[in-house]
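Engineer: Questions regarding the structure given below will be posed in turn.
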Amino acid sequence: MRTYVFANQKGGVGKSTVAVHKAIYHESLGQRVLFIDFDGQGNSTTTLRARARISANAIDLFGSDPLPSLESAPGITLLQGTKELNEIERLPNNVILNPKEAIAKYVDRFDVCIIDTPPTMGLRLLAALTMSDFAITPFELAGYSIQGIAQIIETIKGVQGNLNPDLVFLGMLPNKVNSRSGSHREAMAQLLSHYKQYIIRARIVNRVAIQDATDQGLAVWELKSSSAREAAAEMKQALESIDKLVAERAAA
Ligand SMILES: Nc1ncnc2c1ncn2[C@@H]1O[C@H](COP(=O)(O)OP(=O)(O)O)[C@@H](O)[C@H]1O
Ligand SMILES: [Mg+2]
Numbered sequence: 001m002r003t004y005v006f007a008n009q010k011g012g013v014g015k016s017t018v019a020v021h022k023a024i025y026h027e028s029l030g031q032r033v034l035f036i037d038f039d040g041q042g043n044s045t046t047t048l049r050a051r052a053r054i055s056a057n058a059i060d061l062f063g064s065d066p067l068p069s070l071e072s073a074p075g076i077t078l079l080q081g082t083k084e085l086n087e088i089e090r091l092p093n094n095v096i097l098n099p100k101e102a103i104a105k106y107v108d109r110f111d112v113c114i115i116d117t118p119p120t121m122g123l124r125l126l127a128a129l130t131m132s133d134f135a136i137t138p139f140e141l142a143g144y145s146i147q148g149i150a151q152i153i154e155t156i157k158g159v160q161g162n163l164n165p166d167l168v169f170l171g172m173l174p175n176k177v178n179s180r181s182g183s184h185r186e187a188m189a190q191l192l193s194h195y196k197q198y199i200i201r202a203r204i205v206n207r208v209a210i211q212d213a214t215d216q217g218l219a220v221w222e223l224k225s226s227s228a229r230e231a232a233a234e235m236k237q238a239l240e241s242i243d244k245l246v247a248e249r250a251a252a
């Protein structure tokens, strides 16, 4: 099982959107997908609910009771995000290690695990980074703040130095891009000058079809409208870029 976490303490950047698309992509390949929603808002849960097997709540991974047993069959098994998850942030720091332990027995029973995280810097984000093989940071060029990006990179480095030395940071994925916007182009140029090595060579453009699709519990390539075609191609390209980076790591 390969575990991917979508992490950025900023909200609205596309963590849930890209995580859900990655899950549906693996589902469409007939793989066994474990999806963990650590966000109390449960946006990914809402999108995936109708197509997934719901076996437990993500909060169960933090408790001391054993997890209800998860069936490992092709398709998406969802550990739901519920609002009680927000209370995890008030627990002692050592709960960070619990989810990794809780899913340890499933590493041979799923092909891929995808973790969606809340838009907050805290124990759930650290727990998710600690249990993952690969981290991806979707980001948005609008309202771009170098401060926020510096913070997530620092956090990932901190986890690599301490809690999870095997964590690979695949990089930052530009989302909601508008190439006609001068401020987007400027922000991208500035980001490239600071963080070139971290920027994934793919762009997900801001397109209504993406929002429409996830609102309907679908991936954008499952929408029938012709306006979804470009969005679908861009989303698939972004997911392929992620796969390619993973393959390069495996070969190295
Ligand atoms: N490329 C895109 N084009 C248009 N809308 C998008 C795009 N990416 C995300 N969205 C929309 O933006 C909102 C925030 O995205 P979301 O994935 O929920 O962000 P996060 O999980 O980081 O908070 C959602 O309504 C989503 O449908
Ligand atoms: Mg989200």
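Sequential numbering of the sequence shown, starting at 1, is according to the numbering used here.
Beta carbons are placed, not taken as given, at the ideal position from N, Cα and C, and that holds for glycine.
These numbers come from a predicted model, not from an experiment.
1) Using a threshold of 7 Å, is the CB atom of Asp215 nearer than that to any non-hydrogen atom of ligand 2?
2) Does the segment 59 to 68 come into contact with the segment 98 to 106, if we say contact requires no fewer than three beta-carbon pairs (one atom in each stretch) closer than 8 Å?
3) What alpha helix (DSSP H) runs, 4 residues minimum, are completely inside the segment 151 to 194?
4) When the Cα atoms are used, what is the spatial distance from Val246 to Tyr25?
5) Taking 7 Å as the cut-off, is the C-beta of Ser16 nearer than that to any heavy atom in ligand 2?
6) What number of angstroms, rounded off, separates the C-alpha of Gln197 from the C-alpha of Gln31?
7) Where are the alpha helix (DSSP H) runs, 4 residues long or more, that stay fully inside the segment 35 to 76, in chain order?
8) Thinking C-beta only, is Phe134 closer than 8 Å to Val159?
9) Could you say which of Glu234, Ser181, Gly81, Gln190 lies nearest to Phe38 if we only look at CA atoms?
10) Residues bridged to Val112 by DSSP?
Structural biologist: Straight from the coordinates:
1) Mapped onto the sequence shown, residue 215 falls at position 215. Flag unset: Cβ of Asp215 not near ligand 2.
2) yes
3) none
4) The residue you call residue 246 lines up with position 246 of the sequence shown. The residue you call residue 25 lines up with position 25 of the sequence shown. Computed Cα separation, rounded: 16 Å.
5) Residue numbering aside, residue 16 sits at position 16 when the sequence shown is read from its first letter. Ser16 Cβ: within cutoff of ligand 2.
6) Position 197 of the sequence shown, counted from the first residue, corresponds to residue 197. Position 31 of the sequence shown, counted from the first residue, corresponds to residue 31. Spanning the two alpha carbons is a distance of roughly 31 Å.
7) 43 to 48
8) Numbered from 1 along the sequence shown, position 159 holds the residue referred to as residue 159. Numbered from 1 along the sequence shown, position 134 holds the residue referred to as residue 134. Against a cut-off of 8 Å, the Cβ pair of Phe134 and Val159 comes out as no contact.
9) Residue numbering aside, residue 38 sits at position 38 when the sequence shown is read from its first letter. Of Glu234, Ser181, Gly81, Gln190, the residue nearest in Cα terms is Gly81.
10) Numbered from 1 along the sequence shown, position 112 holds the residue referred to as residue 112. DSSP output for Val112 lists Arg2, Val33 as bridge partner(s).
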